[in-house]
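Residues in the sequence shown are numbered consecutively from 541, following this note's numbering. Data block below; observations after.
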Amino acid sequence: MDAPLVVVAHGSRDPRSAETIRALPLDAQVSFLDLSEPLLTDVLRSLSAQGHREAVVVPLLLGRAYHARVDLPSLVREVPRLRVSIADVLGQDPLLEAVALDRLREAGADPDDPSLGVVFAAVGSSHAPANNAVVALARRWNSRYPMLVTPAFATAKPDVPAAIAKLRARGARRFAVASWFLAPGLLPDRIASLARAAEPPVAIAGSLAPDPRLADLVLARYHSALAPAA
Numbered sequence: 541m542d543a544p545l546v547v548v549a550h551g552s553r554d555p556r557s558a559e560t561i562r563a564l565p566l567d568a569q570v571s572f573l574d575l576s577e578p579l580l581t582d583v584l585r586s587l588s589a590q591g592h593r594e595a596v597v598v599p600l601l602l603g604r605a606y607h608a609r610v611d612l613p614s615l616v617r618e619v620p621r622l623r624v625s626i627a628d629v630l631g632q633d634p635l636l637e638a639v640a641l642d643r644l645r646e647a648g649a650d651p652d653d654p655s656l657g658v659v660f661a662a663v664g665s666s667h668a669p670a671n672n673a674v675v676a677l678a679r680r681w682n683s684r685y686p687m688l689v690t691p692a693f694a695t696a697k698p699d700v701p702a703a704i705a706k707l708r709a710r711g712a713r714r715f716a717v718a719s720w721f722l723a724p725g726l727l728p729d730r731i732a733s734l735a736r737a738a739e740p741p742v743a744i745a746g747s748l749a750p751d752p753r754l755a756d757l758v759l760a761r762y763h764s765a766l767a768p769a770a
């Protein structure tokens with residue numbers, strides 16, 4: 541790669557989060573927006589000091605909320621000597637949907653079971669379009685599979701207890717939580733705890749990373765970011 545690949549994740553006080561991001565099979569500089577190290581600005585400054593003139597930053601983010609729209613461009617501007625291309629977020633890519641579905645199956649849930657109620661769990665945002673994208677994804681699963689799916693958020697509404705109550709009202713007799721989280725951490729743990737409190741036998745799917753398919757998607761974002769300059 542002529543331009544170094546820098547991946548940037550949100551960061552977490554839970555060390556499992558950074559460990560999971562670092563486990564992605566990528567030849568990349570790993571960085572974080574906050575709470576974990578190294579920070580994105582430190583990595584970019586280091587690349588500049590090494591003589592690099594450009595870099596590509598791929599956000600390991602699942603939505604275009606505040607971090608993607610505001611924080612990331614602001615941090616990149618702090619290193620003006622390095623020409624940085626910011627790739628698109630990972631987003632609601634079909635590849636990620638496939639990973640999430642596999643994680644659900646690995647947890648023992650059967651998408652073809654019409655009595656299964658699935659809480660499609662994500663972080664949540666104050667930016668409505670980001671939440672709406674998750675709602676649309678849950679609706680897509682509802683249209684494709686016999687299982688019953690409804691979204692829930694860790695930091696927005698509806699929350700997990702409300703989602704489980706809705707699924708129960710729709711006729712669900714078994715329950716599972718699908719994960720729209722890249723890595724384990726405090727928020728996924730909160731989601732799991734709330735789900736177990738509301739419905740003790742619930743199956744909890746694991747996070748998306750470090751599935752190697754995420755690495756393929758990151759590389760696709762990298763090459764797309766470079767394409768306009770080619």
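Where a beta carbon is used, it is the ideal one built from N, C-alpha and C, also for glycine. Values in this document were obtained by computation on a predicted structure and should not be read as measured data.
* List the DSSP bridge partners of GLN590. => What you label residue 590 is simply residue 50 of the sequence shown in a count that begins at 1. The partner list for GLN590 (beta bridge, DSSP) is empty, contrary to what the question assumes.
* Asked: If you drop the 5 nearest sequence neighbours on each side, which residues of the same chain put their C-beta closer than 8 Å to that of ARG587?
  -> Residue mapping note: residue 587 aligns to position 47 of the sequence shown, counting from 1. According to the sequence provided, residue 587 is Leu. The question's Arg does not apply to it. Result list for LEU587: PRO544, VAL546, GLN569, ALA595 and LEU622, in chain order.
* Asked: Does the separation of the CB atoms of ALA549 and ALA649 fall below 9 Å?
  -> Stepping through the sequence shown from its first residue, residue 549 is reached at position 9. Stepping through the sequence shown from its first residue, residue 649 is reached at position 109. In terms of Cβ geometry, ALA549 and ALA649 do not form a close pair [threshold 9 Å].
* **PRO654 (DSSP reduced to helix, strand or coil)** => Taking the sequence shown and counting its residues from 1, one reaches residue 654 at position 114. PRO654 falls in the coil class under three-state DSSP.
* Asked: ASP756 to VAL663, Cα distance in whole Å?
  -> As a working mapping, residue 756 is identified with position 216 in the sequence shown. As a working mapping, residue 663 is identified with position 123 in the sequence shown. Each residue's Cα considered, the two are about 23 Å apart.
* Asked: Is it the case that the Cβ atoms of ASP642 and TYR685 are separated by a distance below 9 Å?
  -> Working through the sequence shown from its first residue, we reach residue 642 at position 102. Working through the sequence shown from its first residue, we reach residue 685 at position 145. It is not a contact, given that the beta carbons lie outside the stated cut-off.
* Asked: Using the beta-carbon count (16 or more within 10 Å), is ALA737 buried or exposed?
  -> The count along the sequence shown starts at 1 and reaches residue 737 at position 197. Per the 10 Å Cβ criterion, exposed.
* Asked: CB-CB under 6 Å to VAL681, same chain, minus the five flanking residues each way: which ones, in chain order?
  -> One-based indexing of the sequence shown puts residue 681 at position 141. Checking the sequence shown, residue 681 turns out to be Trp, not Val. Answer for TRP681: VAL689, listed in chain order.
* Asked: VAL619 to LEU727, Cα distance in whole Å?
  -> As a first step, residue 619 must be located in the sequence shown, where it is residue number 79. As a first step, residue 727 must be located in the sequence shown, where it is residue number 187. One C-alpha to the other measures close to 31 Å.
* Asked: Between the segment 551-559 and the segment 572-585, do three or more beta carbon pairs fall short of 8 Å?
  -> Segments in contact, yes.
* **4 or more residues per run - each alpha helix (DSSP H) lying fully within the segment 629-678** => Runs of the alpha helix (DSSP H) lying entirely within the segment 629-678 and spanning at least 4 residues, in chain order: 634-646.
* To do: For the alpha helix (DSSP H) containing SER738, list its first residue and its last residue.
  => Your numbering for residue 738 matches position 198 in the sequence shown. Per the sequence shown, the amino acid found at residue 738 is Ala instead of Ser. Counted as a single uninterrupted DSSP element, the alpha helix (DSSP H) harbouring ALA738 occupies residues 726-738.
* Give me the Cα-Cα distance between ALA647 and VAL658, rounded to the nearest whole angstrom. => Taking the sequence shown and counting its residues from 1, one reaches residue 647 at position 107. Taking the sequence shown and counting its residues from 1, one reaches residue 658 at position 118. Their backbone Cα atoms lie some 12 Å apart in a straight line.
* **VAL583 versus LEU615, ILE744, ARG679 and SER683, residue with shortest Cα-Cα distance** => Taking the first residue of the sequence shown as 1, we reach residue 583 at position 43. It is LEU615 whose Cα lies nearest to the Cα of VAL583.
* To do: Give me whichever residues DSSP pairs with THR690 in a beta bridge.
  => Reading the sequence shown from its first residue, position 150 is the one you call residue 690. Answer by DSSP bridge pairing, in chain order: VAL659.
* To do: Within the same chain, show all residues whose beta-carbon is closer than 7 Å to that of ALA732, passing over the 5 residues directly before and after it, in chain order.
  => Position 192 of the sequence shown, counted from the start, is the residue given in the question as residue 732. Cβ neighbours of ALA732 within its own chain (closer than 7 Å, five residues either side excluded): VAL717 and ILE744.
* Output the distance between the C-alpha atoms of LEU656 and GLY631, rounded to the nearest integer angstrom. => Taking the sequence shown and counting its residues from 1, the one referred to as residue 656 is at position 116. Taking the sequence shown and counting its residues from 1, the one referred to as residue 631 is at position 91. Cα-Cα distance, rounded: 26 Å.
* **6 Å CB neighbourhood of SER557 in its chain, flanking five on each side removed** => One-based indexing of the sequence shown puts residue 557 at position 17. The residues are ALA723 and GLY725.
* Under 8 Å by Cβ, that's how I've got TRP720 and ALA661 pegged, so tell me the actual separation to the nearest angstrom. => Mapped onto the sequence shown, residue 720 falls at position 180. Mapped onto the sequence shown, residue 661 falls at position 121. Right, the Cβ-Cβ distance comes to about 6 Å (below 8 Å), so this counts as a contact.
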